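Visitor:
In our numbering, the protein residues as written are 83 to 324.
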């Protein structure tokens, strides 16, 4: 009896997994998540299901949930390269290139001849180099724009006004360099904002209630306080107010 029940449950899990896989092929990722979730409830230690659901979540741009499933895959089967690959894919999509390279490398150590992993490492490394180069270009362009603008102001001030504000060559140079410095600061701020935004999509959604227990505060029923103390009640009784 137990064997029959176990076999039936195993078949149901495989059936849900197959339905999830079909939905992924048809790009019906929400339905795929539902099928995988139902299968996970029946077989919570099936690391393949977590891996598949991680992929579906990634396609839905649910990076936090995708990473949770990828980490669970690694926890359940630390010797399976695909778990680290799933984690790397989420990290790469979130802009965490250093972390993604580490995860890809760990997967490659488990499967040294996996061509796809090698290509992924090369691709993410190129993306990281491009990001660094773009950041340097932004800083350089902003600095040059600031310098040119500063020189332009000095030239216009000297040629178009009867009493120029900047008359000494040193003050002209200092003013131009100051605007160049402002341009550098702006460019640096822009690149830093891009760096800070990396990994932001991995923050838990607010509706999960992970960052606080507001539900408990909202649902707490305040105790009914007595309107008067006993002494006050006796006093009011003597005064005929009760």
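Each residue gets a CB set at the ideal place from its N, CA and C atoms; glycine is no exception.
Remember, predicted model here, so these are calculated numbers, not experimental data.
1. Report all residues from its chain with a CB closer than 6 Å to the CB of residue 139; omit the five preceding and five following residues, and keep chain order.
2. Leaving out five residues before and five after residue 218 in sequence, what residues of the same chain have Cβ atoms less than 6 Å from its Cβ?
3. Could you give the first and the last residue of the continuous alpha helix (DSSP H) run that contains residue 202?
4. So what's residue 177 in DSSP terms, helix, strand or just coil?
5. Around the Cβ of residue 164, are there at least 16 other Cβ atoms within 10 angstroms (buried) or fewer (exposed)?
6. Exposed or buried, residue 197, counting other C-beta atoms within 10 Å across all chains shown (16 or more means buried)?
7. Residue 182 and residue 168: beta carbons closer than 7 Å?
8. Looking only at its chain, what residues have a beta carbon closer than 6 Å to the beta carbon of residue 117, apart from the 5 residues adjacent to it on each side?
9. Using the Cα positions of residue 230 and residue 242, report the straight-line distance between them to the nearest angstrom.
10. Please report the distance separating the alpha-carbon of residue 284 from that of residue 188.
11. Taking C-alpha atoms, which residue in 192, 114, 121, 202 lies nearest to residue 172?
12. Spatial neighbours of residue 260 within its chain, please: C-beta separation below 8 Å, excluding the five flanking residues on both sides.
13. Of the residues 221, 154, 112, which one's Cα is nearest the Cα of residue 132?
14. Could you spell out the range, first to last residue, of the alpha helix (DSSP H) harbouring residue 123?
Guide: Considering the structure as presented:
1. If we look at residue 139 and ignore the five residues flanking it on each side, its Cβ neighbours are 147, 148.
2. In its chain, beyond the 5 residues on either side, no residue has a beta carbon closer than 6 Å to the beta carbon of residue 218.
3. Residues 197-242.
4. Residue 177: coil per DSSP, three-state reduction.
5. By the Cβ-count criterion, residue 164 is buried, with 16 or more other Cβ atoms from all chains shown falling within 10 Å of its own Cβ.
6. Counting the other Cβ atoms within 10 Å of the Cβ of residue 197 gives fewer than 16, which makes it exposed.
7. No.
8. Once the five neighbours on either side are set aside, the close Cβ partners of residue 117 are 98, 101, 102.
9. When rounded, the distance between both Cα atoms is 18 Å.
10. Taking the straight line joining both Cα atoms gives about 21 Å.
11. Ranking 192, 114, 121, 202 by Cα distance to residue 172 puts 202 first.
12. Result list for residue 260: 232, in chain order.
13. Measuring from the Cα of residue 132, the nearest candidate turns out to be 154.
14. From DSSP, the alpha helix (DSSP H) with residue 123 extends over 111-124.
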